[in-house]
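Position 79 (the sequence shown) corresponds to 134 in my numbering; numbering is contiguous.
Just so it is clear, CB atoms sit at the ideal spot from N, CA and C, and this is done for glycine as well.
Notes follow the structure.
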Amino acid sequence: MKITKMKFYNGSKDKVCRLGLSTLFLEVQQIILETEIRLFEEKDANGAAVIRKALDDRFEAVGEWKIQKTGGIDWIKRIRYNNSIISRIGVEIQVSARSDMLIRDVVHLRNSLQAGEIDVGIIVVPDDRLQVFLPDRTPSFKDAVRYIEEEFKEAMTFPIIVIAIEHDGPGKSLGKQKRKS
Numbered sequence: 056m057k058i059t060k061m062k063f064y065n066g067s068k069d070k071v072c073r074l075g076l077s078t079l080f081l082e083v084q085q086i087i088l089e090t091e092i093r094l095f096e097e098k099d100a101n102g103a104a105v106i107r108k109a110l111d112d113r114f115e116a117v118g119e120w121k122i123q124k125t126g127g128i129d130w131i132k133r134i135r136y137n138n139s140i141i142s143r144i145g146v147e148i149q150v151s152a153r154s155d156m157l158i159r160d161v162v163h164l165r166n167s168l169q170a171g172e173i174d175v176g177i178i179v180v181p182d183d184r185l186q187v188f189l190p191d192r193t194p195s196f197k198d199a200v201r202y203i204e205e206e207f208k209e210a211m212t213f214p215i216i217v218i219a220i221e222h223d224g225p226g227k228s229l230g231k232q233k234r235k236s
């Protein structure tokens, strides 16, 4: 995949450098860049769950990233020095749900930041171009910025980084999940 945009809130860029999280931040970017996604470039023609699974598989393959399936941050990794945990980064991947679920991700990051479980949070979302090819209520970079800056302004006081991702190019349609009846 490609990274097309990043937006840093409340000194998150400085915190990444100051707290020794730059290696983990680069690792997150590398995971995204090494996840190959090709899809059918037509409006609403692809399922987003395939992208989510591919990113989850890459995080798992890299190792030492801890996953939390529900009720918390998707992926957390810690930097250790002399067997002491120094800093932690948390990643929320929001590519396969409704855009209003972004608020839940921001709340997860806020709660984990306040509890001292992480030091910087990252939200990964489709960029505005990729979002067009996914289901119509899938979030985009524009949605994430709007939720943080307009609808949940408190979020601008948290060290959060929003990363926009785009597919690698055209390909076959990514299958959509069957709806539960």
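Inter-residue Cα distance where the pair is Ala-104 and Glu-147: Here residue 104 refers to the residue found at position 49 when the sequence shown is read from its first residue. Here residue 147 refers to the residue found at position 92 when the sequence shown is read from its first residue. If you take the alpha carbons of Ala-104 and Glu-147, they lie about 14 Å apart.
First and last residue of the uninterrupted beta strand (DSSP E) at Ile-220: Position 165 of the sequence shown, counted from the start, is the residue given in the question as residue 220. From DSSP, the beta strand (DSSP E) with Ile-220 extends over 215-221.
Test item: CB-CB of Met-175 and Lys-70 under 8 Å: Start at 1 with the first residue of the sequence shown, and residue 175 comes out as number 120. Start at 1 with the first residue of the sequence shown, and residue 70 comes out as number 15. Note that residue 175 corresponds to Val in the displayed sequence, not to Met. Yes.
Segment limits, beta strand (DSSP E) that includes Val-150: Here residue 150 is taken as the residue at index 95 of the sequence shown, counted from 1. Unbroken run through Val-150: none, as it is neither H nor E.
Straight-line Cα distance separating Phe-80 from Lys-208: The residue you call residue 208 lines up with position 153 of the sequence shown. The residue you call residue 80 lines up with position 25 of the sequence shown. Between Lys-208 and Phe-80, the C-alpha separation is close to 24 Å.
8 Å Cβ cutoff met for Asp-191 and Ile-92: Residue mapping note: residue 191 aligns to position 136 of the sequence shown, counting from 1. Residue mapping note: residue 92 aligns to position 37 of the sequence shown, counting from 1. In this structure, Ile-92 does not lie closer than 8 Å to Asp-191 by Cβ.
As assigned by DSSP and simplified to three states, the class of Ile-173: One-based indexing of the sequence shown puts residue 173 at position 118. Coil at Ile-173, not helix or strand.
Nonlocal neighbours in the same chain, by C-beta distance under 8 Å from Arg-135, ignoring five residues either side: Here residue 135 refers to the residue found at position 80 when the sequence shown is read from its first residue. These residues qualify, in order along the chain: Ile-141.
Beta-ladder partner(s) of Pro-225, from DSSP: Taking the first residue of the sequence shown as position 1, residue 225 is located at position 170. The partner list for Pro-225 (beta bridge, DSSP) reads Leu-94.
Whole-number beta carbon distance between Val-83 and Ile-178, since they are thought to touch under 8 Å: Taking the sequence shown and counting its residues from 1, one reaches residue 178 at position 123. Taking the sequence shown and counting its residues from 1, one reaches residue 83 at position 28. Rounded, the Cβ-Cβ distance is 11 Å, inconsistent with contact.
For Phe-63, the three-state DSSP class (helix, strand or coil): Within the sequence shown, numbered from 1, the residue matching residue 63 stands at position 8. Residue state for Phe-63 is assigned as strand, using DSSP reduced to three classes.
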